[in-house]
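Q: Its first residue numbered 466, the sequence shown is counted upward by one per residue in the working numbering.
Pasting in a structure now, in structure tokens, and then I'll have a few things to ask.
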Amino acid sequence: TRAYQPDRYTNMETNNYVESWHNQLKTSYLQRRRNRRVDRLVYILVNDVEEDFISNINRIRMNVGRMGPEARKERRRELEAEEI
């Protein structure tokens, strides 16, 4: 796969986000097993990965779980405003 390359003459064909995603795919979903069947990969991508991706998006949308830095700053501002 080709990743975003800001410089025209770079030799990198990937970036850290792609490498991280491939590592997560191999360890979490494929259990590091060597499997050359495309139908098995498609089945895992459609049934497991998509379901987890959608649940993660819904979790972020509903603001459930750990706060990110922006949400933490916003919440701190809300608490400071309530004190006034």
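No residue lacks a Cβ here, since even glycine has one placed at the ideal position from N, Cα and C.
Computed from a predicted model, the values in this text were never measured in an experiment.
Assuming contact is defined by CB atoms lying nearer than 8 Å, are residue 540 and residue 532 in contact in what I supplied?
A: yes
Q: I need the DSSP call for residue 489, collapsed to helix, strand or coil.
A: Helix, per DSSP.
Q: Alpha helix (DSSP H) containing residue 504: first to last residue?
A: 503–509
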